[in-house]
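**Student:** Under this note's numbering, the first residue of the sequence shown is numbered 20, with each subsequent residue one higher. Idealized CB from N, CA, C, for every residue including glycine. Sharing a structure with you now.
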Amino acid sequence: MTRSCGRSACSGSRSTRWWSSSTTSTSTTRRAVPSTSGTSWWAMFSSALFVLGAVLGAAPPVAAPTPTATTARTVPARETSALPTREEALSRLCPGATWKQQTHYPSAAELERATQLCGEKVESKVLVRHSAYVDGKLVLSVFFDTHRVRSLGETLMVAITPDGRLRRIEVLAFAEPRDYLPRAAFYSQFDGRALDSELRLDRGVRGVAGATLTSRATVSAARRVLALHSVLPAAP
20 MTRSCGRSAC SGSRSTRWWS SSTTSTSTTR RAVPSTSGTS WWAMFSSALF VLGAVLGAAP
80 PVAAPTPTAT TARTVPARET SALPTREEAL SRLCPGATWK QQTHYPSAAE LERATQLCGE
140 KVESKVLVRH SAYVDGKLVL SVFFDTHRVR SLGETLMVAI TPDGRLRRIE VLAFAEPRDY
200 LPRAAFYSQF DGRALDSELR LDRGVRGVAG ATLTSRATVS AARRVLALHS VLPAAP
């Protein structure tokens, strides 16, 4: 059985030629126009799809959108602001005050007493107290406490009033990513607090979501400094 026109053109089994014998001897051979009958319409349709796919595949890639004000990441204010030095923090804390510095070497008994008051181990071997005087009267005692937050450290300035209450806690150095540094509202919770049961995370002090380790380290530092301050000899 003779197959359809499209198949016979490929296999060469069709008896009727697509061109006359007079044209086979010339240098230029005319190709036959295939019939649209049978299955040849499907071959034409497939070829059209192939060409269309090639054109679409060659289309240049769409460039990624350039970041705009709506797509760019917003940088928090604490991430770009500089932390104060010790001198800057002291001068802002009590302008016009006369500062005196005393170095203490707590005894084993004083460290044991501080541990009991703090509720956790206190191991400070050297303690420096900065005392602020206005008109010859003691108004503040300031300590700088350096400790680890997660894997890196931070330094806090802890200011204490003569009656043993916190006046201010301020961050002077923070080596962890700034995303873990709470805003000023968190540190303002410590103002006026004493060393009691309310000076605890999730009691009198509310923690910060995403900065739990920083919140816990700050509370520990506040309790530790208050405890050490209470066992040291009074400032002159």
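When you compare the CB positions of glycine 226 and glutamate 217, do they come within less than 8 angstroms of one another, or not?
**Tutor:** Along the sequence shown, read from residue 1 onward, the residue named residue 226 stands at position 207. Along the sequence shown, read from residue 1 onward, the residue named residue 217 stands at position 198. No, they are not a contact pair.
**Student:** Measuring straight from C-alpha to C-alpha, what distance separates glycine 183 and leucine 102?
**Tutor:** Here residue 183 refers to the residue found at position 164 when the sequence shown is read from its first residue. Here residue 102 refers to the residue found at position 83 when the sequence shown is read from its first residue. Straight-line measurement puts the Cα of leucine 102 at about 26 angstroms from the Cα of glycine 183.
**Student:** Return the CA-CA distance between leucine 214 and glutamine 121, expressed in angstroms with no decimal places.
**Tutor:** On the sequence shown, residue 214 is found 195 positions in, with the first residue counted as 1. On the sequence shown, residue 121 is found 102 positions in, with the first residue counted as 1. Their Cα atoms are separated by approximately 22 angstroms.
**Student:** Since threonine 174 contacts leucine 191 with CB under 8 angstroms, what's their CB separation in whole angstroms?
**Tutor:** For this step, residue 174 is matched to residue 155 along the sequence shown. For this step, residue 191 is matched to residue 172 along the sequence shown. Confirmed, about 5 angstroms.
**Student:** Am I right that tryptophan 133 and valine 250 are in contact with their C-beta atoms under 8 angstroms? What's the rounded C-beta distance?
**Tutor:** Residue 133 sits at position 114 when you count from the first residue of the sequence shown. Residue 250 sits at position 231 when you count from the first residue of the sequence shown. A small fix is needed here, since residue 133 is alanine in this sequence, not tryptophan. Indeed they touch by this definition, with Cβ atoms about 5 angstroms apart.
**Student:** Can you tell me whether tyrosine 199 is helix, strand or coil according to DSSP?
**Tutor:** Working through the sequence shown from its first residue, we reach residue 199 at position 180. Three-state DSSP puts tyrosine 199 in a helix.
**Student:** Could you tell me the alpha carbon to alpha carbon distance between proline 196 and valine 145, rounded to whole angstroms?
**Tutor:** Start at 1 with the first residue of the sequence shown, and residue 196 comes out as number 177. Start at 1 with the first residue of the sequence shown, and residue 145 comes out as number 126. Approximately 29 angstroms, taken between the alpha carbons.
**Student:** Just to check my reading of the structure: isoleucine 188 and phenylalanine 209 have Cβ atoms closer than 8 angstroms, yes? What is that Cβ distance to the nearest angstrom?
**Tutor:** Working through the sequence shown from its first residue, we reach residue 188 at position 169. Working through the sequence shown from its first residue, we reach residue 209 at position 190. Yes, they are in contact, since the Cβ atoms of isoleucine 188 and phenylalanine 209 sit about 5 angstroms apart, within 8 angstroms.
**Student:** Can you list, in chain order, the residues of its chain whose CB lies under 6 angstroms from that of lysine 119, leaving out five sequence neighbours each side?
**Tutor:** Counting from one through the sequence shown, the residue named residue 119 turns up at place 100. Cβ neighbours of lysine 119 beyond the five flanking positions: Ser150.
**Student:** Decide if alanine 128 is buried, meaning its Cβ has at least 16 other Cβ atoms within 10 Å, or exposed.
**Tutor:** The sequence position of residue 128 within the sequence shown is 109, counting from 1. By the 10 Å Cβ count, alanine 128 comes out exposed.
**Student:** So what does histidine 123 bridge to, in DSSP terms?
**Tutor:** Translated into positions along the sequence shown, residue 123 becomes position 104. Leu146.
**Student:** How should leucine 171 be labelled, buried or exposed, when 16 other C-beta atoms within 10 angstroms of its C-beta is the threshold for buried?
**Tutor:** One-based indexing of the sequence shown puts residue 171 at position 152. Label assigned to leucine 171: exposed.
**Student:** Quick one: measure Cβ to Cβ for serine 234 and leucine 247, integer angstroms, because I've assumed they're closer than 8 angstroms.
**Tutor:** Position 215 of the sequence shown, counted from the start, is the residue given in the question as residue 234. Position 228 of the sequence shown, counted from the start, is the residue given in the question as residue 247. About 21 angstroms separates the two Cβ atoms, so there is no contact after all.
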